[in-house]
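Q: The structure that follows is given in the form of structure tokens.
2 protein chains.
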Amino acid sequence: MSSLSPTARVILGMLKLGVRTGYDIKKAIDVSTKFFWSASYGQIYPELKRLRESGLVRARSQPRGKVKRTEYTLTKAGERALHEWLTDTESSIYELRDEGLLRLFFGDLVTTDDVLANLRARREVLELVLTRFRAIEPEAREGFAEEFQLHPYLALSYGIGMLEWSIEWYAETERRLEKGQPLTERIASATSSE
Amino acid sequence: MSSLSPTARVILGMLKLGVRTGYDIKKAIDVSTKFFWSASYGQIYPELKRLRESGLVRARSQPRGKVKRTEYTLTKAGERALHEWLTDTESSIYELRDEGLLRLFFGDLVTTDDVLANLRARREVLELVLTRFRAIEPEAREGFAEEFQLHPYLALSYGIGMLEWSIEWYAETERRLEKGQPLTERIASATSSE
DNA sequence: GAAGGCATGTAAATCGTTACATGATTTA
DNA sequence: TAAATCATGTAACGATTTACATGCCTTC
């Protein structure tokens with residue numbers, strides 16, 4: 006069992022990848038893990054403080070001109086804790102909170118038009134995210150090719166694939182609801198294939 | 006903009022579907038929306054109290070023998086608030102927290118064997134959940150056929166499809182990593198298809 | 001010289017889980 | 001009669017967001 010707090014997990018990993026300041030950790034999260042593991046300043050700075058107090062990271066003041074700046078690096082204990090968590094196959098948080106699905110679940114309480122409006126709205130949001138992911142993709146691919154960073158690229162590819170699948174599901178469900186035959190073959194075909 | 010708290014959203018919806026007590030709301034969530042919208046007793050009971058205080062629900066004591074029991078129903082204001090939220094296409098929470106993906110993201114920091122162990126562990130968890138979903142499916146299908154509750158069934162079908170997609174992605178990624186050629190066509194084919 | 005980015009942090013509020021406490025009723 | 005289920009709730013803790021505050025540096 007890993008005793009690292011949720012935010013500590015991503016912080017230690019980012020430090021090990023070479024990110025140095027709280028500010029940069031936040032930026033790195035926002036362009037990479039945010040989709041499946043986000044964190045705000047209000048979590049990052051206090052957590053860095055706690056991690057230093059418990060000896061998992063060390064802090065060095067590295068001002069740039071007069072801008073105060075604190076660089077963090079992993080201690081031996083920090084390296085150990087990170088490795089322990091990364092190789093722990095027991096713990097396995099999976100949480101999804103999806104307001105679109107909740108509204109769909111309650112769809113019997115509103116009209117079909119209301120349901121359709123929500124499906125479309127949700128699909129449009131997903132399409133926006135997908136567009137952003139595809140825009141990052143060439144960059145991530147280069148990161149893989151030039152810095153041998155395969156895994157961030159793999160995670161991105163998962164995100165892209167999942168969004169594509171979701172968007173297609175929404176589109177298909179919209180089509181069926183529009184035609185008034187929203188049913189049956191979906192699950193039948195889905196469960197028989199693979 | 007809906008002012009309903011996250012837990013209030015699922016509570017009001019469940020009340021409208023005919024669920025009556027805090028205890029039953031929790032049970033209903035656990036067999037239906039839990040996958041994408043969960044709640045614990047520690048949220049449900051205090052929230053019911055708040056909803057009563059703000060006039061969105063009304064409480065009636067309906068003891069069964071000596072077991073105290075409080076039944077809740079929506080007030081007019083509660084119906085309005087629920088309907089407003091259900092037909093609001095603006096707000097749209099989408100949050101995912103997936104420890105497996107975070108570990109995969111940091112995969113460059115460990116050995117390929119460690120990554121593979123984590124992919125397999127995660128896939129096994131997903132397979133368990135999928136098994137449970139498939140077990141509920143006939144029940145949900147009946148609920149649709151007999152009580153005209155289409156939408157819970159649709160949400161379940163989304164869950165099943167998404168899990169199938171994820172599991173296949175994991176299996177495929179494992180195969181590629183095992184062969185040492187984890188790459189390239191995946192995204193190429195994923196983005197070109199569809 | 002204004003805007004935007006760099007950089008760090010705190011306070012308040014909200015949200016959520018877990019563990020605990022209590023006691024009745026039903027089922028094996 | 002023991003275990004499971006029904007039923008309600010609180011306390012402590014932990015996680016998280018949002019808004020605020022501060023001030024330097026760089027770029028337009």
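Just so you know, the protein sequences line up as chains A and B, in that order.
The numbering of the first sequence is my numbering, which starts it at 6 and goes up by one.
The numbering of the second sequence is my numbering, which starts it at 6 and goes up by one.
Every residue gets a Cβ at the ideal spot worked out from N, C-alpha and C, and that includes glycine.
On the criterion of 16 or more Cβ atoms from any shown chain inside 10 Å, does E199(A) qualify as buried, or is it exposed?
A: Because E199(A) sits at a pLDDT of 38, beneath the cut-off of 50, its placement in the model cannot be relied upon, and the point is left open.
Q: May I ask you to list, following chain order, the residues of the region 42-58 of chain A that have a beta carbon less than 7 Å from some beta carbon of chain B?
A: W42
Q: Output the distance between the C-alpha atoms of G112(A) and D118(A), rounded to the nearest integer angstrom.
A: 10 Å
Q: Just the Cα atoms here: how many angstroms apart are H88(A) and A82(B)?
A: 53 Å
Q: Can you tell me where the alpha helix (DSSP H) holding D29(A) begins and where it ends?
A: 27-35
Q: Which two residues bound the contiguous beta strand (DSSP E) that contains E76(B)?
A: Annotation for E76(B): the continuous beta strand (DSSP E) segment containing it runs 75-79.
Q: Within 10 angstroms of its Cβ, does L133(B) collect 16 or more other Cβ (buried), or is it exposed?
A: exposed
Q: Counting only the same chain and skipping the five closest in sequence on each side, list residues whose C-beta sits under 8 Å from that of I172(B).
A: If you ignore the 5 residues before and after I172(B), its C-beta comes within less than 8 Å of the C-beta of R128, L131, E132, L135, all in its own chain and listed in chain order.
Q: With C-beta atoms as the reference, is A33(A) less than 8 Å away from T12(A)?
A: no
Q: State yes or no: is the C-beta of F138(A) within less than 8 Å of the C-beta of G105(A)?
A: No, the Cβ-Cβ distance between F138(A) and G105(A) is not below 8 Å.
Q: Within 8 Å of any Cβ in chain A, is that where the Cβ of E76(B) sits?
A: Using a CB distance cut-off of 8 Å, E76(B) does not count as an interface residue toward chain A.
Q: Just the chain A side, please: which residues come within less than 8 Å of G185(B) by C-beta, in chain order?
A: Near G185(B) there are no residues of chain A at all, since even the closest Cβ is about 11 Å away, more than 8 Å.
Q: Where are the alpha helix (DSSP H) runs, 4 residues long or more, that stay fully inside the region 82-154 of chain A, in chain order?
A: 104-110, 117-152
Q: Are the beta-carbon atoms of L168(A) and T178(B) separated by less than 8 Å?
A: no
Q: Skipping 5 residues on each side, what residues in its chain have a beta carbon closer than 7 Å to that of R146(A)?
A: Y158
Q: Just to confirm before moving on: does the CB-CB distance between I16(A) and I49(A) stay below 8 Å?
A: In this structure, I16(A) sits near I49(A), with a CB-CB distance shorter than 8 Å.
Q: Please name the residue in L91(B), E100(B), R108(B) whose C-alpha comes closest to that of N123(A).
A: L91(B)
Q: Between the beta-carbon of L107(A) and the beta-carbon of L20(A), is there less than 8 Å?
A: No, the pair does not count as a contact, with Cβ atoms beyond the cut-off.
Q: Is it right to say T116(B) is buried, meaning 16 or more other beta carbons lie within 10 angstroms of its own, or is it exposed?
A: It is exposed - the Cβ of T116(B) has fewer than 16 other Cβ atoms within 10 Å.
Q: Quick one, which of G148(A), L101(A), W174(A), L121(A) has its alpha-carbon nearest D93(B)'s?
A: L121(A)
Q: For a quick check, are the C-beta atoms of E58(B) and Q67(B) less than 8 Å apart?
A: no
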